[in-house]
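Chemist: Chains as they are written, first to last, in my numbering: chain A, 147 to 362; chain B, 147 to 362. Ideal Cβ positions, reconstructed from N, Cα and C, are used throughout, including at glycine. Sharing a structure here in structure tokens format.
Protein chains: 2
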Amino acid sequence: MSLGMIPNRPFRPPAVTARDKLLEAAVKLIRTSGYAATSVDQLCAEAGVTKGAFFHHFTSKEALGVAAADYWSASTSAFFASAPFHDLPDPVDRALGYLDLRIALIGGPPEAFSCVAGTLVQEAFRSSAAIRVAAEASIMGNANALEADLDAAIVQCGVSGTTGASLARHVQAVIQGAFVVAKTQPEECAASLAREQLAHLRRYFAMLFGRENQEE
Amino acid sequence: MSLGMIPNRPFRPPAVTARDKLLEAAVKLIRTSGYAATSVDQLCAEAGVTKGAFFHHFTSKEALGVAAADYWSASTSAFFASAPFHDLPDPVDRALGYLDLRIALIGGPPEAFSCVAGTLVQEAFRSSAAIRVAAEASIMGNANALEADLDAAIVQCGVSGTTGASLARHVQAVIQGAFVVAKTQPEECAASLAREQLAHLRRYFAMLFGRENQEE
Numbered sequence: 147m148s149l150g151m152i153p154n155r156p157f158r159p160p161a162v163t164a165r166d167k168l169l170e171a172a173v174k175l176i177r178t179s180g181y182a183a184t185s186v187d188q189l190c191a192e193a194g195v196t197k198g199a200f201f202h203h204f205t206s207k208e209a210l211g212v213a214a215a216d217y218w219s220a221s222t223s224a225f226f227a228s229a230p231f232h233d234l235p236d237p238v239d240r241a242l243g244y245l246d247l248r249i250a251l252i253g254g255p256p257e258a259f260s261c262v263a264g265t266l267v268q269e270a271f272r273s274s275a276a277i278r279v280a281a282e283a284s285i286m287g288n289a290n291a292l293e294a295d296l297d298a299a300i301v302q303c304g305v306s307g308t309t310g311a312s313l314a315r316h317v318q319a320v321i322q323g324a325f326v327v328a329k330t331q332p333e334e335c336a337a338s339l340a341r342e343q344l345a346h347l348r349r350y351f352a353m354l355f356g357r358e359n360q361e362e
Numbered sequence: 147m148s149l150g151m152i153p154n155r156p157f158r159p160p161a162v163t164a165r166d167k168l169l170e171a172a173v174k175l176i177r178t179s180g181y182a183a184t185s186v187d188q189l190c191a192e193a194g195v196t197k198g199a200f201f202h203h204f205t206s207k208e209a210l211g212v213a214a215a216d217y218w219s220a221s222t223s224a225f226f227a228s229a230p231f232h233d234l235p236d237p238v239d240r241a242l243g244y245l246d247l248r249i250a251l252i253g254g255p256p257e258a259f260s261c262v263a264g265t266l267v268q269e270a271f272r273s274s275a276a277i278r279v280a281a282e283a284s285i286m287g288n289a290n291a292l293e294a295d296l297d298a299a300i301v302q303c304g305v306s307g308t309t310g311a312s313l314a315r316h317v318q319a320v321i322q323g324a325f326v327v328a329k330t331q332p333e334e335c336a337a338s339l340a341r342e343q344l345a346h347l348r349r350y351f352a353m354l355f356g357r358e359n360q361e362e
């Protein structure tokens with residue numbers, strides 16, 4: 147698996163259809179400027195499509211926001227589902243392997259590694275129930291994908307007082323928080339601050355599961 | 147110290163001046179709707195002041211955003227500086243006491259406990275250098291206030307491989323991430339999901355510092 151290094155679009159093939167071009171424009175502009183600050187005109191200009199094409203595919207900017215969260219979920223979950231750490235025989239290695247992959251994916255300016263769903267929900271959780279629910283599906287979908295490995299690691303290591311579901315939610319929370327604090331930094335310091343947060347999470351998990359904390 | 151329970155304004159006296167009313171309106175509306183989605187007209191209506199008053203005090207919405215982050219910093223840092231955990235003789239107890247206080251402050255809907263600075267920077271890190279820097283000062287100012295206790299705890303417990311500054315940044319990152327994931331939830335589930343994240347952070351610190359993890 148190659149991580150690919152196309153800024154803002156590491157997991158997805160080039161967009162061909164007008165709909166996909168608008169979704170890619172949404173990913174780029176939401177990551178850079180946020181959702182509310184991005185206009186339909188800007189989305190059309192970035193995608194190179196007409197406003198007629200926009201409203202052919204989406205009834206509103208909100209509908210594009212929901213579709214962008216779904217598009218983001220589908221592409222990121224497919225990427226993580228195909229990652230080689232799933233082949234490791236030990237569930238603790240798989241859990242730490244996921245964190246190592248997330249650390250490896252962080253680089254460049256915040257708009258190259260930040261989360262479309264997290265940015266959408268930070269802004270629009272109260273104004274758009276549809277966006278909130280789409281962001282919940284995206285972020286909690288990523289959490290659900292970790293749950294079985296974390297449950298197996300908990301059983302194997304005899305960890306008490308938590309669950310795979312709870313640890314999986316914490317992984318997603320630390321990732322979201324890493325992106326927020328990264329955005330407070332000058333561009334050249336953003337990625338290292340985000341990686342530092344995932345490294346602390348890795349150390350927490352290594353301690354919970356009785357491992358030496360040695361990043362791959 | 148009473149935490150106070152005025153929604154959106156637990157740490158601050160009622161606003162009297164037009165400037166403070168606008169800052170309180172900014173805190174409330176940014177927490178609820180985000181920065182870009184909040185208009186000058188809405189800020190004036192919420193504050194009960196004229197547009198003339200707005201532009202007497204602030205040259206632009208961006209200037210109010212910067213001032214809101216500074217106002218937020220000043221009020222939250224004064225609140226945390228006066229908290230009783232500072233009187234505990236042991237630095238580990240002080241570090242855990244801060245986390246217990248943060249957990250106790252989370253309740254109600256996300257707009258009652260979320261962070262003005264984190265919301266501002268999530269949206270505007272690229273479009274406004276002034277807002278990014280103000281959010282950095284707010285969030286990293288909160289981190290700096292924890293650093294001495296965490297350094298003392300590290301020395302006392304012989305923890306290697308990290309620093310008080312790094313752990314203090316992680317505290318702020320987990321708090322920010324807790325607020326993002328909380329916003330993905332239906333209102334009645336938001337606070338408990340945020341508290342769960344701080345509870346994991348507390349367990350990490352308890353393990354690092356060789357303590358039983360028992361929340362106060």
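Roughly how many whole angstroms lie between the Cα atoms of A224 (chain B) and A275 (chain A)?
Modeler: As a working mapping, residue 224 (chain B) is identified with position 78 in the second sequence. As a working mapping, residue 275 (chain A) is identified with position 129 in the first sequence. Taking the straight line joining both Cα atoms gives about 35 angstroms.
Chemist: Counting only C-beta atoms, is Y217 (chain B) closer than 8 angstroms to chain A at any point?
Modeler: As a working mapping, residue 217 (chain B) is identified with position 71 in the second sequence. Y217 (chain B) does not count as touching chain A.
Chemist: For E342 (chain A), does the three-state DSSP call read helix, strand or coil?
Modeler: Counting from 1 along the first sequence, the entry for residue 342 (chain A) is found at position 196. Looking at E342 (chain A) - three-state DSSP - the assignment turns out to be helix.
Chemist: When burial is assigned at 16 or more other CB atoms within 10 Å of the CB, is S228 (chain A) buried or exposed?
Modeler: The residue given as residue 228 (chain A) occupies position 82 in the first sequence. Looking at its Cβ environment, which holds fewer than 16 other Cβ atoms inside 10 Å, S228 (chain A) is exposed.
Chemist: Within the same chain, show all residues whose beta-carbon is closer than 6 angstroms to that of H203 (chain A), passing over the 5 residues directly before and after it, in chain order.
Modeler: Within the first sequence, numbered from 1, the residue matching residue 203 (chain A) stands at position 57. Counting only Cβ-Cβ distances below 6 angstroms, and skipping sequence neighbours, we find R165.
Chemist: At what residues does the alpha helix (DSSP H) containing E192 (chain B) begin and finish?
Modeler: On the second sequence, position 46 is the one that residue 192 (chain B) refers to. Here the alpha helix (DSSP H) through E192 (chain B) covers V186 to A193.
Chemist: Quick check on G211 (chain A): buried or exposed, where buried means 16 or more other Cβ atoms within 10 Å of its Cβ?
Modeler: Position 65 of the first sequence, counted from the first residue, corresponds to residue 211 (chain A). Buried, since its Cβ has 16 or more Cβ neighbours within 10 Å.
Chemist: Could you work out which residues of chain A lie near S273 (chain B), taking near to mean beta carbons separated by less than 7 angstroms?
Modeler: Indexing the second sequence from 1 puts residue 273 (chain B) at position 127. The contacting residues are S179 and A183.
Chemist: Looking only at its own chain, which residues have a Cβ that is under 8 angstroms from the Cβ of V320 (chain B), when we skip the five neighbours before and after it?
Modeler: Within the second sequence, the letter at position 174 stands for residue 320 (chain B). Excluding sequence neighbours, V320 (chain B) sits near Q343, L344, H346 and L347.
Chemist: Who are the neighbours of G264 (chain A) on chain B, taking C-beta pairs under 7 angstroms?
Modeler: Residue 264 (chain A) sits at position 118 when you count from the first residue of the first sequence. Those within 7 angstroms of G264 (chain A) in chain B are V326.
Chemist: What residue from B:Y181, B:G356, B:L296 and B:E192 has the CA that sits closest to A171 (chain B)'s CA?
Modeler: The residue labelled residue 171 (chain B) in the question sits at position 25 within the second sequence. Minimum Cα distance to A171 (chain B) is reached at B:E192.
Chemist: Thinking just about the alpha-carbon of each residue, which of B:I277, B:A328, B:Q268 and B:M286 is nearest to the one in K329 (chain A)?
Modeler: What you label residue 329 (chain A) is simply residue 183 of the first sequence in a count that begins at 1. Per the Cα distances, B:Q268.
Chemist: How would you label G310 (chain A), buried or exposed, when you count the other beta carbons within 10 angstroms and need 16 or more for buried?
Modeler: Position 164 of the first sequence, counted from the first residue, corresponds to residue 310 (chain A). It is buried - the Cβ of G310 (chain A) has at least 16 other Cβ atoms within 10 Å.
Chemist: From which residue to which residue does the alpha helix (DSSP H) around T265 (chain A) run?
Modeler: Sequence index remark: in the first sequence, residue 265 (chain A) carries index 119 (1-based). Start and end: V262 to A270.
Chemist: In angstroms with no decimal places, state the Cα-to-Cα distance between E358 (chain B) and P235 (chain B).
Modeler: By 1-based counting over the second sequence, the position of residue 358 (chain B) is 212. By 1-based counting over the second sequence, the position of residue 235 (chain B) is 89. Computed Cα separation, rounded: 18 angstroms.
Chemist: With a CB to CB cut of under 6 angstroms and the five nearest residues on each side skipped, what residues in its chain are close to R155 (chain A)?
Modeler: For the purposes of this step, residue 155 (chain A) is taken as residue 9 along the first sequence, with counting starting at 1. With a pLDDT of only 48 at R155 (chain A), under 50, the local geometry of the prediction cannot be trusted, and the value read off the model is given with reservation. Cβ neighbours of R155 (chain A) beyond the five flanking positions: none.
Chemist: Just by C-beta distance, which residues in the segment 340-351 of chain B are closer than 7 angstroms to chain A?
Modeler: Taking 7 angstroms as the Cβ-Cβ cut-off against chain A, the residues of the segment 340-351 of chain B that qualify are E342, Q343, H346 and Y350.
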